[in-house]
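A.B. asks: In the numbering used here, the protein residues as written are 94 to 563.
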């Protein structure tokens with residue numbers, strides 16, 4: 094009892110430890126998956142940061158390029174305007190108009206690029222205002238030259254307004270470009286900081302995932318080792334079990350062989366006993382036959398002959414009885430067929446009368462089989478004795494088949510002379526009493542019926558036979 098309780102305690106502790114290890118295993122797997130997911134998200138964020146940095150650089154470069162082009166266009170317009178003032182060459186005037194048109198296009202492009210940045214958009218509007226003033230000043234100078242008013246143009250130049258406007262515009266544009274560079278540097282620093290943080294997160298997550306993967310690998314390796322040891326133990330136990338099963342199988346086979354030998358021995362004893370009983374009864378029948386020959390009284394001879402026939406029927410039933418494998422039942426068709434053959438060979442009056450049998454393979458008990466055999470012998474003997482006087486030829490048909498509701502019915506039908514007029518079927522003789530008593534053992538009542546074409550039909554329903562064999 095102590096060993097059993099200790100084993101139960103160890104088993105319970107192991108069963109309690111397994112869920113804890115399983116929970117830790119599940120937590121480790123979830124943490125590992127979480128770290129891998131964190132690494133993936135960090136990598137995605139890093140890629141997005143790099144893309145955003147590239148976009149910012151491209152946008153800043155475009156803004157700076159447009160600002161530089163705008164400065165160049167202003168410088169070109171001013172140079173063309175001065176050349177036209179000095180030479181009055183129309184080619185300078187064409188260059189001036191082209192540069193003025195380029196100033197408008199560059200200003201529109203710069204406005205579109207800075208519309209999402211409120212601070213820079215304000216600066217672009219201020220620069221646009223200055224450009225409008227500068228453009229008006231240059232247009233005024235060109236108009237004065239075209240109107241042949243060189244004095245007014247010279248006085249306008251001497252005021253220095255155009256030079257101041259141009260200097261202010263260039264300063265504003267340079268300051269605008271510098272602010273774009275500063276903002277780009279700030280964004281790059283932020284993105285670099287964000288990238289370093291993401292790289293650190295990725296490295297941390299991957300390191301944690303590697304550590305957990307290694308731990309899971311060690312655990313899996315341990316489980317594989319335990320599984321291998323369990324398989325070896327199972328193989329050893331299986332070999333022991335197979336050896337035990339082989340021993341038990343051999344013992345069972347020996348027991349089966351011994352049981353089969355005993356069954357054959359018992360079957361031989363039963364057959365020998367039935368045969369001995371049949372032979373003993375046949376001896377009694379022969380003695381009665383001898384007594385019939387020595388008797389001088391017809392009444393005594395008839396009584397002895399009837400007794401001899403009945404003893405012979407009982408002997409025939411015992412000799413022909415062959416039990417099945419269970420030693421308790423026999424098949425009615427085989428048994429009654431053998432009984433009918435025996436009657437045909439030994440009974441008086443069978444040379445001119447044909448005995449026919451039709452039996453359903455109903456399994457009946459040994460005692461019931463003997464009783465049915467005696468009943469068949471009594472009915473057939475009575476038919477041979479009374480239905481075919483003076484060697485009259487004919488036939489007797491004996492059958493045992495299921496009738497209504499599956500109840501077996503024994504029928505003996507002859508085509509002999511039938512019963513004389515005034516005689517009630519089933520009354521009067523000892524044979525009728527014996528048939529009635531034997532039928533009563535199966536819960537049935539003999540039914541006698543005169544056949545219109547001649548002869549007599551006797552039916553014996555046997556409801557008790559179904560109950561006893563069901």
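The beta-carbon is built from N, C-alpha and C at its ideal position, and this holds for glycine as well. Source: prediction; values computed, not measured.
#1: Assuming the contact rule is C-beta atoms closer than 8 Å, residue 511 and residue 544 should be a hit. Round their C-beta distance to whole Å, please.
#2: Below 8 Å, can you find three or more Cβ-Cβ pairs linking the segment 159-175 to the segment 184-195?
#3: Just to confirm my understanding: we take residue 558, look at its own chain, exclude 5 residues before and 5 after, and list those with CB closer than 7 Å. What are they?
#4: Would residue 246 and residue 237 qualify as a contact pair, given that the criterion is a beta-carbon distance under 7 Å?
#5: Could you pull the DSSP bridge partners for residue 540 from this structure?
#6: Considering only C-alpha positions, which residue in the set 224, 132, 151, 207 is nearest to residue 166?
#7: What is the DSSP secondary structure of residue 103, counted as helix, strand or coil?
#8: So residue 537 and residue 553 are supposed to be a Cβ contact under 8 Å. How far apart are they, rounded?
#9: At the level of alpha carbons, what is the spacing between residue 546 and residue 455?
#10: So, is residue 350 buried or exposed, given that buried needs 16 or more other C-beta atoms within 10 angstroms?
#11: Restricting to runs no shorter than 3 residues, where is the beta strand (DSSP E) found entirely within the segment 170-212?
#12: Could you give the residue range of the alpha helix (DSSP H) that holds residue 528?
#13: Could you tell me the boundaries of the beta strand (DSSP E) in which residue 430 lies?
#14: Take the Cβ of residue 509 as the centre, count every other Cβ of all protein chains shown within 10 Å, and call the residue buried at 16 or more, exposed below.
#15: Under DSSP, the beta strand (DSSP E) around residue 507 begins and ends at which residues?
#16: Pick helix, strand or coil for residue 489, following the three-state DSSP scheme.
#17: Only counting runs of 4 or more residues, tell me where the alpha helix (DSSP H) segments fall wholly within the segment 292-362, in order along the chain.
#18: Just to confirm, is the Cβ distance from residue 298 to residue 132 under 7 Å?
#19: Counting pairs of beta carbons, one from the segment 441-451 and one from the segment 474-483, are three or more of them closer than 8 Å?
#20: I want to know whether the segment 139-157 touches the segment 190-197 - three or more CB-CB distances under 8 Å.
#21: Around the Cβ of residue 227, are there at least 16 other Cβ atoms within 10 angstroms (buried) or fewer (exposed)?
#22: Pull up the distance between the alpha-carbon of residue 288 and that of residue 317, whole angstroms please.
#23: Confirm, please, whether the CB-CB distance from residue 222 to residue 192 is below 7 Å.
#24: Since residue 471 is in the alpha helix (DSSP H), which residue starts that stretch and which ends it?
#25: Determine the contact status of residue 164 and residue 266, defining contact as a CB-CB distance below 7 Å.
#26: The alpha helix (DSSP H) spanning residue 244 covers which residue range?
#27: Identify which residue in 121, 551, 116 has its Cα closest to the Cα of residue 311.
#28: How is residue 126 classed by DSSP in three states: helix, strand or coil?
#29: Report the partner residues of residue 449 according to the DSSP bridge assignment.
#30: Which whole-angstrom value is the C-beta distance of residue 549 and residue 507, which I expect to be below 8 Å?
#31: Excluding five sequence neighbours on each side, which residues of the same chain lie with their C-beta closer than 6 Å to the C-beta of residue 556?
C.D. replies: Inspection of the coordinates gives the following:
#1: 7 Å
#2: yes
#3: 457, 461, 501, 535
#4: Less than 7 Å divides the Cβ of residue 246 from the Cβ of residue 237.
#5: Paired residue(s): 552.
#6: 224
#7: Confidence is the limiting factor: at residue 103 the pLDDT is only 48, short of 50, which leaves the residue's position unreliable, though a coordinate-based value still follows. In the structure shown, residue 103 sits in a helix (DSSP, three-state: H, G or I).
#8: 5 Å
#9: So the two alpha carbons sit approximately 31 Å from each other.
#10: exposed
#11: Runs of the beta strand (DSSP E) inside the segment 170-212: none found.
#12: 523-533
#13: Per DSSP, residue 430 belongs to no beta strand (DSSP E); it is in the alpha helix (DSSP H), 425-439.
#14: With 16 or more Cβ atoms within 10 Å of its Cβ, residue 509 is classed as buried.
#15: 501-507
#16: Residue 489 falls in the strand class under three-state DSSP.
#17: none
#18: yes
#19: yes
#20: At 8 Å Cβ cutoff, the stretches do not touch.
#21: buried
#22: 42 Å
#23: no
#24: 459-479
#25: In this structure, residue 164 sits near residue 266, with a CB-CB distance shorter than 7 Å.
#26: That run of the alpha helix (DSSP H) goes 243-251.
#27: Looking at the Cα atoms, 121 is the closest of the given residues.
#28: helix
#29: 490
#30: Correct: roughly 6 Å between the Cβ atoms.
#31: 500, 536
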